[in-house]
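Notes follow once the structure below has been shown.
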Amino acid sequence: MIIRSDTSKTFHWIQWSSVAVTVVLTVFAIFICHRQFRVEREEVREYAQLKMTMAKEHIEEYLLNIGTILRFISVHDEVVAMTPDAHDYIEAIYTDTYEQHVLSEIYVIKRDFDGTHRPFMTFEHGDEEHTVEEIHDLESEKYEYETQVEQIRCFAQNPALEAQISSPGKLCVSKTGVVYSVPVRSQGELVGIVAGMIPEENISEILETVDCHEMVLMVNERGDSYVCDDMDEQTRAWFQTQLRAQGVKEFFNGHRELFEVGKYQVTVTEVDILDGQEWYLTFLHDEAAHLQANGFPGILSRYSTATMVFLLGITMSLLCRIWLYRVQQEKIRLEIKAQAAEKLQRLNNQLKKEITERKKTEKKLIQAAEEWKLTFDSISDLISIQSKDFKFLNVNKAFAEAFEMKPEEAVGKTCCELVHGTKEPWPACPHKMTLDTKKPERVEFFESHLGLYLEVSVSPIFSEDGEFVASVHIAKNITERKKVEEKQTKLLEKVENINRELNDFASIVSHDLKAPLRGIKTLANWILSDCADKLGDEANEQMNLLLERVELMYNLIEGVLQYSRVGKTEGKRVQVNINDFVPELIKMVVPPKNITVTIEDELPVLECEEIHIMQIFQNLLSNAIKYMDKPQGRIQVGCVEQDGFWKFSIADNGPGIEEKHFERIFKIFQALSTSPDFEGTGVGLTVVKKLVELYHGRIWLESKVGEGSTFFFTLPKQEIDVYKPIGR
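Counting from -12, one number per residue, gives the positions in the sequence shown under the working numbering.
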């Protein structure tokens, strides 16, 4: 069965409206009873009010359970069979409360009223169970009164009725009782009938639920009677005898006054139940005499009985609504419980995940701490952490071993007493400087207390608030380094002295060797000019050869002197426009007419010493001119930008150089030509290589024999510091 899902607000409205209707109807019933049962004496009125108040309390409790069932039915446009869960719920109500005497069987009639009907629920009474089949079987039996189905159809044809009770009849095999029905409406439209059957033995118990315990006998004028179970056999036999002998009407008309039957005080009243017949209710109670003497007609009058039946039908509808509300609330409770369980499971899974992540983090932290400790102790430098008051907070293994103690023994001691053997910090203490500047400090000193050279670097440690709390000290034993530095210093001084002596030697040699050569050259020129006609051709040739060799020797000495001076002197750097510089240089070298020198690319502007650039280009151009063997020689000067450098090239179509000589030609005195006509000294390319490397560039050669050679060299685009001359 599908139950509509209403909002919480709607259910609250249904609940309170049901309570309000119940209260209004109860007040209305009390008001009617009060008007009908009002007597002249205040005492009787108070007693009646007390009885009706007690009836109201019982009715409310009774209706609360009955309405649970009818409420379930009344909210559906079409009445259908109940689900097992709903059936179990109603059966629990039926089993646990005294309404089991009332809810014998309830049937639902569909709106078309075609005679078909469905069991809403059935319950067992004694050894019998009443089902739909038994109701259908009733149509084949003959009764004095209409069958249940016909009665119910008849009731349904009068939608104005809010409730209906049938005449007594046979309900099923060996059962007698009455049929009652309540119309079911949806938005004011009749959609079905709820019909129930009340067996004979339950009549008195129904009336007891409304505080009518005085009534023990109910008889209509046809003689149909319902006798309370707790009447003793003697009284029951007397009534049955009188009813058979006198007839019902005569018997009750003859006993309007108080009379005694056995131990009971008896009085009689008439009640009109809605079937139009008169019913007689007989009271047997010790208090009946008191009521009769004061003119009280009995608590159950014809109007009070009608009111009770009316309230019974209405409250069944109300209780059905309350039941639906409880079912819906149970669904909501289960949904909330399921959502809470799901949320709890989700939170539990999240918590498990967080715990797992936390354990992993803790494991990583422990591992990191262990790794940090291993790293801390494995460093060979002396590492310590000092507080603001110069006390050691932690030291590594190397530090402790240096002072022949355990790391924990150093904790708490001050640096000045442990390292320096003093009570106060020494003036150049780096920790003290860091305290003042809040910046890292570094010092080198010789610690006489330890007999070691130490390099100590100190870095501050700050708290989250930026407050200085400690510092990290890293002390390196640089004794060996200091010894090496001292040796290097001595070696450098020695090298400087040697270089100085070499410079002096080169100058002396250059001067001392050039002077005789100049004298030889001058003397040879005099001889040729004065005695050329007296000398023979062979002598003149020999004298010219002598002059050539003197010139070669002079150039060689000048080249050696030039090579020795590269990097030894520091000149002024200027902006040199190579585009203007190279053409002038070409004019200086004076290439022969058969050799053409061209500039292929735009040349850059360099910041350098002009003499260095001049020597590089002059040597390379002169070298290309000297070796040219072609009738029409071509020399090309080019430049391109490459990886932050200027890449220069000087190409010729000369004889070319074998690859095996590529490295050799850059070595001093390594001239490749052995021809006596060749004037090279083997120093020029060596000077070029040294100058290029002075500017952090490099030089190399590409060549093919017979096709020519190309010399490449690079110079940085940005200004750099060249090697400082040694000894300056």
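The beta carbon of each residue, even a glycine, is placed where N, CA and C say it ideally should be.
Just so we're clear, the structure is a prediction, and the values are computed from it rather than from any experiment.
- Between the region 349 to 359 and the region 411 to 425 there are fewer than three C-beta pairs closer than 8 angstroms, too few to call the two in contact.
- The alpha carbon of N610 has as its nearest neighbour, out of V627, K340, E594 and P642, the alpha carbon of P642.
- Membership of G438 in any alpha helix (DSSP H) is not indicated, and neither H nor E is assigned to it by DSSP.
- For T673, no beta strand (DSSP E) segment is defined; the enclosing uninterrupted segment is the alpha helix (DSSP H) at G671 to L681.
- For V382, the beta-bridge partners assigned by DSSP are S371.
- Within 10 angstroms of the beta-carbon of M615 lie 16 or more other beta-carbons, which makes it buried.
- Closest option to L608, judged by alpha-carbon separation, among E357, S636 and E594: S636.
- According to the DSSP assignment, D452 belongs to no beta strand (DSSP E), since it is labelled neither H nor E.
- Beta-bridge partners of E428 (DSSP): V445.
- Counting of Cβ neighbours within 10 angstroms places Q332 among the exposed residues, the total staying below 16.
- Linking A462 to F390 through their CA atoms gives a straight-line distance of about 13 angstroms.
- Within the DSSP secondary-structure output, Q623 pairs in a beta bridge with T585 and A638.
- Taking each of F386, V584, S516 and K393 in turn and checking the Cα distance to V459, the smallest one comes out for F386.
- Residue burial is scored here from C-beta neighbours: K410 has fewer than 16 other C-beta atoms within 10 angstroms and is therefore classed as exposed.
- In this chain, the beta strand (DSSP E) harbouring V563 covers V561 to N564.
- Between V679 and N606, the C-beta gap is not smaller than 7 angstroms, which leaves the two residues out of contact.
- Contact annotation: D364 and K384 have beta-carbon atoms nearer than 7 angstroms.
- Taking the CA atoms as reference points, E329 sits about 37 angstroms from Q354.
- Pairing I323 with K340, the inter-Cα distance amounts to about 25 angstroms.
- Within the model, the alpha-carbon separation for P578 versus V537 is close to 23 angstroms.
- With fewer than 16 other Cβ atoms inside 10 Å of its own Cβ, N531 counts as exposed.
- Rounded to whole angstroms, the separation of the alpha carbons of G453 and F377 is 19 angstroms.
- Relative to V443, the option among E451, F449 and F433 whose CA is nearest is F433.
- Closest by C-alpha distance to L590, out of A638, N564 and Q315, is N564.
- Taking a contact to require three or more Cβ pairs closer than 8 angstroms, the region 680 to 696 and the region 645 to 655 qualify as touching.
- In this structure, the beta-carbon distance from A638 to Q623 falls below 7 angstroms.
- For A325 and P447, the gap between their C-alpha atoms comes out near 57 angstroms.
- Shortest Cα-Cα distance from E597 to any of K559, I586, S696 and T585 involves K559.
- In the DSSP annotation of this structure, the continuous segment of the beta strand (DSSP E) that includes L702 starts and ends at G695 to P703.
- One Cα belongs to A457, the other to L593, and the distance between them is close to 52 angstroms.
- In the structure shown, T401 falls within a strand segment according to DSSP collapsed to helix, strand and coil.
- Here A232 has no same chain residue with a Cβ atom under 7 angstroms from its own Cβ, once five neighbours each way along the sequence are excluded.
- Separation of S516 and K508 (C-alpha to C-alpha, rounded to the nearest whole angstrom) is 12 angstroms.
- Taking C-beta atoms as the reference points, G631 and K704 count as a pair closer than 7 angstroms.
- Here N566 has L590 as same chain residues with Cβ atoms under 6 angstroms from its own Cβ, once five neighbours each way along the sequence are excluded.
- Per DSSP, the beta-bridge partners of W633 are E628 and L702.
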